[in-house]
Amino acid sequence: MGLADELGAAGADVVAVAAGEALASYSTDAYAATLAAAIGAHEPYAVLVPSTPNGRDLAARVAARLELGLTGDIVGLEVDGDGHLVQLKPAFGGNVVAPIRSRTLPNMATVRPGIFEALEPDPSRSPRTLDLDVAAQDPPRVRTLEMRPAPDGDAAALDAAWAVVCVGMGVGGPAHIAELDGLRDALEAQYACTRDVADAGWMPKQLQVGLTGRSIAPALYVGVGVRGDFNHTVGIKRAGTVVVVNNNRRATFFKQADIGVVADWHDFVPALVRELRSAMGHP
């Protein structure tokens, strides 16, 4: 199945394709010129770009070129009664989500990956394809000196994980994280962390989950020593079963969790690992 067919199965009615040697790898100049020309030719209602490093670079260049407003890193979309696109964006350090309406058309925003739930694929759908012209480039202002793969393997695994063990500040320090390896391995899970943990340097930023981090949707989420403030829980709103382990019975997370365990994790986690291994027939 080609990319156009995959996008059609995922819900696209029309797939616009721009193909050319200049677009073989990401180039700010070539991509911005081509997308800007396509917007000018087809006048869409909205242009949504993934809020990835390349996506943020591309969207900003195109918005500036076309003198459009741009809302960055949105976490939600709504259409109001007047047909305006309302873009929901974290504000004030992630403590609130602000609704934003653009004064220019098309609406343009970068969208945080993983924030929306994907439709169930329908292989019977066949999209219409639209060929886009690859815009002629001015002399490039950006030169690629070297290409290196990003060390993002852990983050990619986190996005696809069926189970996640999330580390909060209540774990006590980076030296204690290894004590959760048994739980992670028993569940075949991936590690994640809160913003405070990432800011403290205990774990890498690419594992940060929440309003200013990643959005994930594991079938099972286990938070250990996590307070559960809004700016973290918004990143797991599509998670399946949420389990919280905290020795503070007043932790905010208990109001939202499916299962809340009030206990010292040093006592509870080893006992849970033993039960899991026993249930799975492992010594």
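Using the numbering used here, the first residue of the sequence shown is number 3, and each one after it goes up by one. We put the CB at the ideal spot given by N, CA and C, even for glycine.
Can you grab the Cα-Cα spacing for the pair leucine 25 / glycine 215, in whole Å? Residue mapping note: residue 25 aligns to position 23 of the sequence shown, counting from 1. Residue mapping note: residue 215 aligns to position 213 of the sequence shown, counting from 1. One C-alpha to the other measures close to 29 Å.
Give me the DSSP bridge partner(s) of isoleucine 261. As a position in the sequence shown, residue 261 is number 259, starting the count at 1. Note: isoleucine 261 sits in a beta bridge opposite Val245.
What is the rounded straight-line gap between the Cα of histidine 86 and the Cα of threonine 36? Your numbering for residue 86 matches position 84 in the sequence shown. Your numbering for residue 36 matches position 34 in the sequence shown. Going from the Cα of histidine 86 to the Cα of threonine 36 covers about 26 Å.
Taking all protein chains shown into account, do 16 or more other C-beta atoms lie within 10 angstroms of the C-beta of proline 142, making it buried, or fewer, making it exposed? Residue numbering aside, residue 142 sits at position 140 when the sequence shown is read from its first letter. Its Cβ having fewer than 16 others within 10 Å, proline 142 is exposed.
I need the DSSP call for threonine 196, collapsed to helix, strand or coil. Within the sequence shown, residue 196 is the residue found at index 194, counting from 1. DSSP places threonine 196 in coil when its eight states are reduced to three.
Distance between beta carbons of valine 228 and valine 196, contact taken as under 8 Å: The residue labelled residue 196 in the question sits at position 194 within the sequence shown. The residue labelled residue 228 in the question sits at position 226 within the sequence shown. Here the sequence assigns threonine to residue 196, which means valine is not the residue at that position. Yes, threonine 196 and valine 228 are in contact; Cβ-Cβ is about 6 Å, under 8 Å.
Tell whether a beta-carbon distance below 9 Å holds between glycine 71 and arginine 105. Within the sequence shown, numbered from 1, the residue matching residue 71 stands at position 69. Within the sequence shown, numbered from 1, the residue matching residue 105 stands at position 103. Yes, Cβ-Cβ distance for glycine 71 and arginine 105 is below 9 Å.
Coarse secondary structure for aspartate 231, derived from DSSP in three states: As a working note, residue 231 is residue 229 in the sequence shown. Note: aspartate 231 maps to coil in three-state DSSP.
Who pairs with leucine 132 in a beta bridge, going by DSSP? Locating residue 132 in the sequence shown gives position 130, counting from the first residue. In DSSP, leucine 132 forms a bridge with Ala18.
Assuming valine 122 is part of the beta strand (DSSP E), what are its boundary residues? Along the sequence shown, read from residue 1 onward, the residue named residue 122 stands at position 120. First, the residue type needs correcting, since residue 122 is glutamate and not valine in the sequence shown. Segment: none, glutamate 122 is in no beta strand (DSSP E) and carries neither H nor E.
Considering only DSSP beta bridges, list what asparagine 109 is partnered with. Against the sequence shown, residue 109 aligns to sequence position 107. In the DSSP output, where bridge partners are listed per residue, asparagine 109 has Ala48.
Secondary structure of aspartate 59, DSSP reduced to three states: For the purposes of this step, residue 59 is taken as residue 57 along the sequence shown, with counting starting at 1. In this structure, aspartate 59 counts as helix in the three-state DSSP scheme.
Quick check: what's the CA-CA separation for valine 16 versus proline 46? The residue you call residue 16 lines up with position 14 of the sequence shown. The residue you call residue 46 lines up with position 44 of the sequence shown. Straight-line Cα distance between these residues: approximately 12 Å.
Taking contact to mean at least 3 C-beta pairs separated by less than 8 Å, is the segment 247-255 in contact with the segment 120-128? no
Given a threshold of 16 other Cβ atoms within 10 Å of its Cβ, counted over all protein chains shown, does histidine 44 qualify as buried or as exposed? For the purposes of this step, residue 44 is taken as the residue at position 42 of the sequence shown. Burial call: exposed.
Ranges of the alpha helix (DSSP H) found wholly within the segment 68-96, counting only runs of at least 4: none
Run through DSSP, which three-state label would alanine 165 get? The residue labelled residue 165 in the question sits at position 163 within the sequence shown. Three-state result, alanine 165: strand.
Alpha-carbon to alpha-carbon, methionine 205 and alanine 120: For the purposes of this step, residue 120 is identified with residue 118 of the sequence shown, where counting begins at 1. For the purposes of this step, residue 205 is identified with residue 203 of the sequence shown, where counting begins at 1. Their Cα atoms are separated by approximately 29 Å.
Identify, in the order they occur along the chain, each residue of the same chain with its Cβ nearer than 7 Å to the Cβ of aspartate 231, setting aside the five sequence neighbours on each side. One-based indexing of the sequence shown puts residue 231 at position 229. Only Thr254 meet the Cβ criterion.
Is glycine 74 near threonine 112, with beta carbons less than 9 Å apart? As a working mapping, residue 74 is identified with position 72 in the sequence shown. As a working mapping, residue 112 is identified with position 110 in the sequence shown. Cβ distance < 9 Å, so glycine 74 and threonine 112 count as in contact.
Any idea what DSSP makes of proline 176, helix, strand or coil? Numbered from 1 along the sequence shown, position 174 holds the residue referred to as residue 176. In the structure shown, proline 176 sits in a helix (DSSP, three-state: H, G or I).
With DSSP as the reference, identify every bridge partner of leucine 222, one or two as the case may be. As a position in the sequence shown, residue 222 is number 220, starting the count at 1. Leucine 222 is bridged to Ala165 and Thr243.
Per-residue burial, lysine 91 [other beta carbons within 10 Å of its own, 16 or more giving buried]: Taking the sequence shown and counting its residues from 1, one reaches residue 91 at position 89. Buried.
Rounded to a whole number of angstroms, what is the C-alpha to C-alpha distance between valine 275 and tryptophan 267? The residue you call residue 275 lines up with position 273 of the sequence shown. The residue you call residue 267 lines up with position 265 of the sequence shown. Those two C-alpha atoms are separated by around 12 Å.
If the criterion is Cβ atoms closer than 9 Å, does the pair alanine 34 and arginine 63 meet it? The residue you call residue 34 lines up with position 32 of the sequence shown. The residue you call residue 63 lines up with position 61 of the sequence shown. Yes.
Selection from Pro52, Asn109, Thr54 and Val226 that minimises the alpha carbon distance to valine 81: Taking the sequence shown and counting its residues from 1, the one referred to as residue 81 is at position 79. Out of Pro52, Asn109, Thr54 and Val226, Asn109 has the C-alpha closest to the C-alpha of valine 81.
For glycine 83, count the other beta carbons within 10 Å of its own beta carbon; 16 or more makes it buried, fewer makes it exposed. Which is it? As a first step, residue 83 is located in the sequence shown; it is residue number 81 there, counting from the start. So glycine 83 ends up on the exposed side.
Short check: CB of alanine 221 to CB of glycine 203, under 9 Å? Start at 1 with the first residue of the sequence shown, and residue 221 comes out as number 219. Start at 1 with the first residue of the sequence shown, and residue 203 comes out as number 201. Cβ distance not < 9 Å, so alanine 221 and glycine 203 don't count as in contact.
Start and end residues, alpha helix (DSSP H) containing proline 272: Your numbering for residue 272 matches position 270 in the sequence shown. Start and end: 267-281.
Assuming contact is defined by CB atoms lying nearer than 9 Å, are aspartate 161 and isoleucine 218 in contact in what I supplied? Indexing the sequence shown from 1 puts residue 161 at position 159. Indexing the sequence shown from 1 puts residue 218 at position 216. Yes; because the gap between Cβ atoms is below 9 Å, this pair is in contact.
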